[in-house]
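Per my numbering, residue 800 is the first one in the sequence shown, and the count goes up by one each step.
Report on the following structure.
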Amino acid sequence: MNFLKQFFEFTRPGNNNISGQCKLCGKLYADKLKSTGNFHKHLKRKHTKQYEESKFSDSIPPKTDTNDYSENLTSNVIKINQVMLEELIVKSPKWKPASARHFTKTLLPSLLNDVQDKIKNLLDNVDHLCITVDVWTDRRGRSFLGVTGHFLDLEYVPQALLLDFLRLKGPHTGENIQNITIQILDNMKIKGKVYRIITDNASSMIKAYKFGLSVTDVDYTIQDDNKQQQDDDYDGLSEWLLVDWCENNNDLFDKGDDPAKRLSCFAHSLQLTIRDGLKYTPYLSKSLSKCIKLARRSHKSTKVADILDDIGKTINKSNMTRWSSEYLLIKSIIGLGRKSIDEITDVIDDNGVKFSNDDFVILQEAVQILEPFAEITSRIQSESVVTASLVVPSVVHIIDHLKNIKPNISFLKKMCLQLEQATNERFSGIVKRLSQQIVYKDDPFSDPIYFVCTVLDPEFKLFWLIQMNYTPILESQMKQHLIQMILNECEKSIDISFDNLESSLSSSTLITNSHTTQSVDASILKKRKLFQYDERFNSSFGSTITPINEINVYINDPIRSRFSLYWENSDLCGLKGIVKRAFSVQATSAPIERVFSQAGIIMSPRRTSMSEEVFKSLVFLRVNQNMI
């Protein structure tokens, strides 16, 4: 920095930036604090002679007497050589480096077997897990099928493992994919533990797991006389009482079905939703094409690169397979500012990439519309947190966002309408439940597990309902529907008859009015929470607690701590069992996509001759490196 002060007049730094005016030509440049790259580049390009002269004068070292230095250096070299002779050569006269064959034929298989044994022992203590499945093709055109497993550990922390990475030979048919998946699960003896299967929306994946896998679960039937008795009990109480979510036969899910059913990847469905929204939007298409042209030209022009270096910014590249790349491209161009864009387009000298005022308005509207989608996409694919509980709040947020932003949009109203329509179609199961309509089994995202996970996540509970702007009556009904879904999940874990469950519902006060923030009577719950600290109450409460009691306690618990911390320290044993099973579900197939990213790094262009067995072993160990 002292060297640059002879050429620049620096201003006081702020916001982690520093600016300086060149004393030779008067131009103003900026750079990040503690970074001087832009200033040096300017001197090298514009004032080469002065820059080199100053550099040369500073690089001339002062004259010193080197006699003492040479003597010390010679003495040190002699000492080092003596140590090497005595310690290294004498003590290890026959040492030889291990050969590549030793690594691939001995060490790698041994390490692979150790990790596989550890994974099998770990999964022996897991009751439920979710798997993600996908197919990947390497640089040589060979296809591989990967399967990851997901579960909650004893501390309720999400865990992920690569179960296997096998060669997929032959056509990518649904039957072939299913057979290899079952082979992997049978080898690890975990087929009966699989709760859900997450894949993308490829036709082969849908066909492969259309009927899931064979997993035994607790069955129950609803007797006609029980239903009649239920109707009699609710007669005259209207909508204030718990409404049975499965009131219409069209909304019934067969409880005897294989629970290891397939679920769609939320991120993939969200991307398709956005693609549908971006269709037939001439205003945005025209402006976006300019952005793409500008990005291509800027990466080929050294003059544009110099301008971007001077202002310390870049233009993102576009990727046709991912909408997020187009969003980031638009955002990066808007971030340059109108002045810089005009300067760049003048250098390119192409009328096809010049931006008008309307173009900037359109691009800004596109960013405003798509920003929540980008945030959701990023968070829903997280590795370290539970993700199934994010699905319903994400859809609710999208619905609310599009509804509120439409009045403020000038050019892209059609895009908003198309996004709304695509959301309603691609997430129809969730949207229908939010609207309290009949949900069919084949509706996308019709599985109630998404609502169960959302309510059982302390971050959300029922707080997200405020975005739906329900009337008090509709909100009350919706809360009761959500409770019923959790009770249905409880029946899969607890050996309880439907009659007993209805009795517990009848004996528990579930009336909700417009003044309560949660779904049960607050006064009764306060008494229960108070009596929990009484030893006599605790001694009897643990033996008579019912699912509805635990739900009441949980819903009205004011604590909103992190998911893992909350459930690890919770005393709600019944709900903890539901949480262990339900939150094994992944919202997306991102985990297996990350495996393929690692596989692509291992199979680099210089390593395409690697054998299949070595490649599979390296991928398996790389992804499961925490088990080594």
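Here a beta-carbon is modelled for each residue, glycine too, at the ideal position from N, C-alpha and C.
E974 sits exposed, since fewer than 16 C-beta atoms from the chains shown fall within 10 Å of its C-beta.
For N1156 and V1103, the gap between their C-alpha atoms comes out near 22 Å. Take I1106, set aside five residues on each side of it, and the residues of its chain with a beta-carbon closer than 8 Å to its own are S1139, E1142, I1143 and V1146, in chain order. Per DSSP, S1403 has no beta-bridge partner at all. Leaving aside the five residues that flank Q1180 on each side, the residues in its chain whose CB is nearer than 7 Å to its CB run, in chain order, A1066, T1387 and A1389.
Ranked by Cα distance from K1060, the first of P896, Q982 and I997 is I997. Judged by beta-carbon spacing, V1184 lies beyond the 9 Å limit of I1229, meaning their Cβ atoms are not closer than that value. With respect to the C-alpha of P1171, the residue from E954, I1265, T1186 and Y1126 having the closest C-alpha is Y1126.
Residues of the same chain with a CB within less than 8 Å of the CB of R941, apart from the 5 flanking positions on each side, are R966 and E1411 in chain order. In the DSSP assignment, H949 is bridged to C929 and A959. Annotation for R1121: no alpha helix (DSSP H) segment contains it, and DSSP assigns it neither H nor E. With a beta-carbon spacing of about 6 Å, P1346 and L1286 fall inside the 8 Å limit used to define contacts. Annotation for K1379: L951 place their beta carbon closer than 6 Å to its own, counting only its chain and skipping 5 residues before and after. When C-beta atoms of the segment 1159-1177 are compared with those of the segment 1349-1367, fewer than three pairs fall below 8 Å, so the two segments do not count as touching. By the neighbour-count criterion, in which a residue is buried when 16 or more other Cβ atoms sit within 10 angstroms of its Cβ, S1068 is buried.
A direct Cα-to-Cα measurement between N875 and S1416 gives close to 47 Å. Classified as exposed, I1265 has fewer than 16 neighbouring CB atoms from the shown chains inside 10 Å of its CB. Here DSSP, grouped into helix, strand and coil, assigns I997 to strand. Counting only the Cα atoms, A1381 lies some 27 Å from A1221. Per DSSP, the continuous beta strand (DSSP E) segment holding C821 begins and ends at N816 to C821.
Of Q1217, L842 and N816, the smallest CA-CA separation from K804 is found for L842. When only Cα atoms are considered, Y828 and G1076 end up about 41 Å apart.
Cβ atoms of L906 and I930 stay farther apart than 8 Å, at about 29 Å. For R1225, the number of other beta carbons within 10 angstroms of its own is at least 16, and it is reported as buried.
Across the set A1187, I1197 and V1160, the C-alpha of I1197 shows the shortest separation from the C-alpha of E1174.
Under the DSSP definition of a beta bridge, Y828 partners with G819. Across the structure, F1250 and P896 are spaced so that their CA atoms are roughly 58 Å apart. For S1003, the uninterrupted alpha helix (DSSP H) segment begins and ends at S1002 to A1007. If the five residues before and after V1422 are omitted, its C-beta is found closer than 7 Å to the C-beta atoms of L961, V1394 and Q1397, all from its own chain and listed in chain order.
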